[in-house]
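>
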Amino acid sequence: MNIDSIKNGIVIDHIKAGKSMELYHYLNLENLNCSVAIIKNVVSKKMGRKDIIKIDEDIHLNLDVLGYVDPDTTVNIIKDGVRIEKRHPELPMQLVNVIKCKNPRCITTTEQEIAQIFKLTDRKNRVYRCIYCESKAKTSKE
Amino acid sequence: MQHLIDICDLSVAEIDRLIEKSNDIIKHRENYSEKCKGKKLAALFFEPSTRTRLSFEAAMLELGGSVIGFSEANSSSAAKGESVSDTIRTVGCYADIIAMRHPKEGAPLVASMKSSVPIINAGDGGHNHPTQTLADLLTIKREKGRLNDLTVGFCGDLKFGRTVHSLITALSRQNNIRLILISPQELKIPEYMKQEVIERFGMPYEETDSLEKAIPNLDVLYMTRVQRERFFKEADYIRLKDSYILNLSKLAHAKADLSILHPLPRVNEISVEVDDDPRACYFKQVLNGKYIRMALILKLLGVE
Ligand SMILES: [Zn+2]
Numbered sequence: 001m002n003i004d005s006i007k008n009g010i011v012i013d014h015i016k017a018g019k020s021m022e023l024y025h026y027l028n029l030e031n032l033n034c035s036v037a038i039i040k041n042v043v044s045k046k047m048g049r050k051d052i053i054k055i056d057e058d059i060h061l062n063l064d065v066l067g068y069v070d071p072d073t074t075v076n077i078i079k080d081g082v083r084i085e086k087r088h089p090e091l092p093m094q095l096v097n098v099i100k101c102k103n104p105r106c107i108t109t110t111e112q113e114i115a116q117i118f119k120l121t122d123r124k125n126r127v128y129r130c131i132y133c134e135s136k137a138k139t140s141k142e
Numbered sequence: 001m002q003h004l005i006d007i008c009d010l011s012v013a014e015i016d017r018l019i020e021k022s023n024d025i026i027k028h029r030e031n032y033s034e035k036c037k038g039k040k041l042a043a044l045f046f047e048p049s050t051r052t053r054l055s056f057e058a059a060m061l062e063l064g065g066s067v068i069g070f071s072e073a074n075s076s077s078a079a080k081g082e083s084v085s086d087t088i089r090t091v092g093c094y095a096d097i098i099a100m101r102h103p104k105e106g107a108p109l110v111a112s113m114k115s116s117v118p119i120i121n122a123g124d125g126g127h128n129h130p131t132q133t134l135a136d137l138l139t140i141k142r143e144k145g146r147l148n149d150l151t152v153g154f155c156g157d158l159k160f161g162r163t164v165h166s167l168i169t170a171l172s173r174q175n176n177i178r179l180i181l182i183s184p185q186e187l188k189i190p191e192y193m194k195q196e197v198i199e200r201f202g203m204p205y206e207e208t209d210s211l212e213k214a215i216p217n218l219d220v221l222y223m224t225r226v227q228r229e230r231f232f233k234e235a236d237y238i239r240l241k242d243s244y245i246l247n248l249s250k251l252a253h254a255k256a257d258l259s260i261l262h263p264l265p266r267v268n269e270i271s272v273e274v275d276d277d278p279r280a281c282y283f284k285q286v287l288n289g290k291y292i293r294m295a296l297i298l299k300l301l302g303v304e
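Put into structure tokens, the structure is as follows:
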């Protein structure tokens, strides 16, 4: 894979420097068959330093995950070497099976095959709470 | 189909109607004795809570219905590892309505997602206990004649006390409620309750560690138990426990029309000498709990 140019795939740009591994993990990119490049600490006019992730295939990307981990990213969809679409993730109202509830008293710890659902309860402070026990999820800011 | 999982599942208007209905039940008991004839309540108590279970059972029996269920997880399929979802789908085949208590937080919500009949949360761990809050609200309404324009004191364990958080949340939707939060430093109300409820809805409040200083201003005093196990050091518990005991000498400084509530069971935080004072409402609160559960069962079953 040529890091500079992708023919068909996705470039996640403007990732806050140091956040790319976390995104890689949340987006389950380790399970992909295609090549994925993580470029860290790139000099950026806008941000000082930034990370970039390049995925060598046009996969279905969970934008909610991006919105949760780092809502300032830009998603570029590349086709035949040309950017055909540019998307900005939004802070999702709900996260389904992205993060797990850490409260040991929560029903999600014992009930089999139950969806892990978190709701945005405070947009300003980006607070998500488990819909079952209302425990606060650690925001990616922390 | 409606469930009651969290007190906020009910609008203020719905709570008002439940209170009206309870008052009507209290006045005209005979009119309700056959309202739920042929209907069954399943009381699924995955952890024991005798008083809550008895309240639900008495409520259903007084409506002419019958009760099935279990009173601890040991004797139930949960002991064999059955999921809440499966238990609920099974019980839904036998019962018209389910009251469920479970040690895990959120279990009744999971149940409501899978249930074919209405679910009432009868307590999920340290999380919610909405029918207790309904009993509290009915008691305040009956004693004070209103749910607004009140100075309400909460005393004791404000950190872990779910009944406290739930009642404050319910009161935050009323007008002109002033809070006085009385607790030791170790058991102060959590920050999120302040930010997400009290301050968010603009409720005037003050925090104090002195019940004596606070008591003259109160219209309602909600007492809770200060539990020994909440303290790291036995010495702290011993030092503090007496400051949060209500007795006649502290009560001497209170208003003549104060209403004293307690979710019960109590240990020693209200001296027995207070029981005969006309301001003690905690046993009426138990009775009110049964009446408002009757009103709730009628509502969720769609019986007029
Ligand atoms: Zn949870």
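Chains A and B supply the protein sequences, listed in that same order. Using the working numbering, the first residue of the first sequence is number 1, and each one after it goes up by one. Using the working numbering, the first residue of the second sequence is number 1, and each one after it goes up by one. Where a beta carbon is used, it is the ideal one built from N, C-alpha and C, also for glycine. Note that the coordinates shown come from a computational prediction; the quantities given were computed from them, not determined experimentally.
Please report the straight-line C-alpha distance between B/Thr87 and A/Ala37, rounded to a whole angstrom.
Counting from 1 along the second sequence, the entry for residue 87 of chain B is found at position 87. Counting from 1 along the first sequence, the entry for residue 37 of chain A is found at position 37. About 47 Å.
> Residues near ligand 1, CB to any non-hydrogen atom under 6 Å, in chain order?
Any residue whose Cβ sits closer than 6 Å to a heavy atom of ligand 1 makes the list: A/Cys101, A/Asn103, A/Cys106, A/Thr108, A/Cys130, A/Tyr132, A/Cys133, A/Ser135 and B/Gly106.
> Comparing alpha-carbon positions, which option in B/Pro204, B/Leu167, B/Pro130 and B/Asn74 lies nearest B/Thr52?
For this step, residue 52 of chain B is matched to residue 52 along the second sequence. Checking every option, the nearest Cα to that of B/Thr52 belongs to B/Pro130.
> May I ask you to list, following chain order, the residues of the segment 72-105 of chain B that have a beta carbon less than 9 Å from some beta carbon of chain A?
Those residues of the segment 72-105 of chain B that come within reach of chain A (Cβ to Cβ, closer than 9 Å) are Ser83, Val84, Ser85, His102, Pro103, Lys104 and Glu105.
> Could you check whether B/Val110 and B/Ser85 sit closer than 8 Å to each other, using their CB atoms as the reference points?
Numbered from 1 along the second sequence, position 85 holds the residue referred to as residue 85 of chain B. Numbered from 1 along the second sequence, position 110 holds the residue referred to as residue 110 of chain B. A contact, by the Cβ cut-off of 8 Å.
> For B/Cys8, which three-state DSSP category applies?
Along the second sequence, read from residue 1 onward, the residue named residue 8 of chain B stands at position 8. Of the three classes helix, strand and coil, the one that applies to B/Cys8 here is helix, per DSSP.
> In whole angstroms, give me the CA-to-CA distance for B/Gly302 and B/Met1.
On the second sequence, residue 302 of chain B is found 302 positions in, with the first residue counted as 1. On the second sequence, residue 1 of chain B is found 1 positions in, with the first residue counted as 1. Using only the alpha carbons, I get a separation of about 9 Å.
> Can you list, in chain order, the stretches of the alpha helix (DSSP H) that have 4 or more residues and sit fully within the segment 72-148 of chain B?
DSSP runs (the alpha helix (DSSP H)) wholly in the segment 72-148 of chain B: 84-91, 107-114 and 130-144.
> Could you tell me which uninterrupted alpha helix (DSSP H) segments, each at least 4 residues in length, are contained entirely in the segment 149-222 of chain B, listed from first to last along the chain?
Entirely contained in the segment 149-222 of chain B, the alpha helix (DSSP H) runs reaching 4 residues are, in chain order, 162-171 and 211-214.
> Contact defined as beta carbons within less than 8 Å: I believe B/Gly202 pairs with B/Arg162. What is the distance between those atoms, to the nearest angstrom?
Taking the second sequence and counting its residues from 1, one reaches residue 202 of chain B at position 202. Taking the second sequence and counting its residues from 1, one reaches residue 162 of chain B at position 162. About 23 Å separates the two Cβ atoms, so there is no contact after all.
> Excluding the five sequence neighbours on either side, which residues of its own chain have a C-beta within less than 6 Å of the C-beta of A/Tyr26, listed in chain order?
As a working mapping, residue 26 of chain A is identified with position 26 in the first sequence. Taken in chain order, the residues that qualify are Val65 and Val69.
> Is A/Arg123 close to chain B, meaning its C-beta is less than 8 Å from at least one C-beta of that chain?
On the first sequence, position 123 is the one that residue 123 of chain A refers to. No, A/Arg123 lies away from the interface with chain B (no Cβ there is under 8 Å from its Cβ).
> Where A/Pro104 and A/Ile131 are concerned, what is the direct C-alpha to C-alpha distance, given to the nearest angstrom?
Position 104 of the first sequence, counting from 1, holds the residue named residue 104 of chain A. Position 131 of the first sequence, counting from 1, holds the residue named residue 131 of chain A. Taking the straight line from one Cα to the other gives about 15 Å.
> Is it right to say B/Phe45 is buried, meaning 16 or more other beta carbons lie within 10 angstroms of its own, or is it exposed?
Reading the second sequence from its first residue, position 45 is the one you call residue 45 of chain B. B/Phe45 should be labelled buried.
> Of all the options A/Glu22, A/Ser5, A/Ile15 and A/Lys100, which has the alpha carbon lying nearest to the alpha carbon of A/Ile46?
Position 46 of the first sequence, counted from the first residue, corresponds to residue 46 of chain A. Per the sequence presented here, residue 46 of chain A reads as Lys, with Ile not at that position. For the residues A/Glu22, A/Ser5, A/Ile15 and A/Lys100, the minimum Cα distance to A/Lys46 belongs to A/Ile15.
> From the DSSP output, read off the bridge partner residues of A/Tyr128.
As a working note, residue 128 of chain A is residue 128 in the first sequence. Answer is A/Leu120.
> If I measure Cβ to Cβ from A/Lys141 and keep anything under 8 Å in the same chain, skipping five residues before and after, which residues do I get?
As a working note, residue 141 of chain A is residue 141 in the first sequence. Low confidence applies to A/Lys141: its pLDDT is 46, below 50, so where it sits in the model is not reliable, and the reading given next is rough at best. Result list for A/Lys141: Arg126, in chain order.
> In the DSSP assignment, what are the bridge partners of A/Val75?
Residue 75 of chain A sits at position 75 when you count from the first residue of the first sequence. DSSP output for A/Val75 lists A/Ile12 and A/Arg87 as bridge partner(s).
> For the beta strand (DSSP E) that A/Asp145 lies in, which residues bound it at each end?
Any property of residue 145 of chain A remains undetermined from this structure, which presents chain A solely from 1 to 142.
> Using the Cα positions of B/Gln174 and B/Leu211, report the straight-line distance between them to the nearest angstrom.
Along the second sequence, one-based indexing puts residue 174 of chain B at 174. Along the second sequence, one-based indexing puts residue 211 of chain B at 211. Roughly 24 Å separates the two Cα atoms.
> Would A/Ile91 be called buried (16 or more neighbouring beta carbons within 10 Å of its own) or exposed?
On the first sequence, residue 91 of chain A is found 91 positions in, with the first residue counted as 1. According to the sequence as given, residue 91 of chain A is Leu; it is not Ile. Exposed.
> Just to confirm my understanding: we take B/Glu207, look at its own chain, exclude 5 residues before and 5 after, and list those with CB closer than 7 Å. What are they?
On the second sequence, position 207 is the one that residue 207 of chain B refers to. Hits under 7 Å: Leu181 and Lys188.
> Taking 8 Å as the CB-CB cut-off, is A/Glu142 touching chain B?
Here the question's residue 142 of chain A lines up with position 142 in the first sequence. Model confidence at A/Glu142 stands at a pLDDT of 44, short of 50, so the residue's coordinates are unreliable; what they give is reported in the following sentence. Closer than 8 Å: no.
> Do you know how far the Cα of A/Lys40 is from the Cα of A/Lys79?
Working through the first sequence from its first residue, we reach residue 79 of chain A at position 79. Working through the first sequence from its first residue, we reach residue 40 of chain A at position 40. Answer to the nearest angstrom: the Cα atoms are 24 Å apart.
> Are the C-beta atoms of A/Arg87 and some chain B residue less than 8 Å apart?
Reading the first sequence from its first residue, position 87 is the one you call residue 87 of chain A. Judged by the 8 Å Cβ criterion, A/Arg87 is not in contact with chain B.
> If you count every other CB in all the chains shown that lies within 10 Å of the CB of B/Asn148, and 16 or more means buried, which is it?
Residue mapping note: residue 148 of chain B aligns to position 148 of the second sequence, counting from 1. B/Asn148 is exposed by the Cβ-count criterion.
> Closer than 7 Å: is that where the CB of A/Glu113 sits relative to any heavy atom of ligand 3?
Ligand 3 is not among the ligands present in this structure, which contains only ligand 1.
> Per the contact definition of three or more C-beta pairs closer than 8 Å, is the segment 16-36 of chain B in contact with the segment 244-257 of chain B?
Result no; under three Cβ-Cβ pairs closer than 8 Å.
> Indicate whether at least one CB of chain A lies closer than 8 Å to the CB of B/Gly202.
By 1-based counting over the second sequence, the position of residue 202 of chain B is 202. Judged by the 8 Å Cβ criterion, B/Gly202 is not in contact with chain A.
> From the beta carbon of A/Ile131, is the nearest beta carbon of chain B less than 8 Å away?
As a position in the first sequence, residue 131 of chain A is number 131, starting the count at 1. Yes, its Cβ sits closer than 8 Å to a Cβ of chain B.
> At which residue ranges does the segment 222-271 of chain B contain complete beta strand (DSSP E) runs of 3 or more residues, listed in the order of the chain?
With a minimum length of 3 residues, the continuous beta strand (DSSP E) runs that stay inside the segment 222-271 of chain B are 259-261.
> So, is the C-beta of A/Gln112 closer than 8 Å to a C-beta in chain B?
The residue labelled residue 112 of chain A in the question sits at position 112 within the first sequence. Chain B contact via Cβ: present.
> Over the uninterrupted beta strand (DSSP E) stretch that includes A/Val65, give me the two end residues.
Residue numbering aside, residue 65 of chain A sits at position 65 when the first sequence is read from its first letter. It is not in any beta strand (DSSP E) - A/Val65 instead sits in the alpha helix (DSSP H) that spans Leu63 to Val69.
> Do the CB positions of B/Gly309 and B/Lys37 come within less than 8 Å of each other?
The structure shown does not extend to residue 309 of chain B, since chain B spans only 1 to 304, so no value can be given for it.
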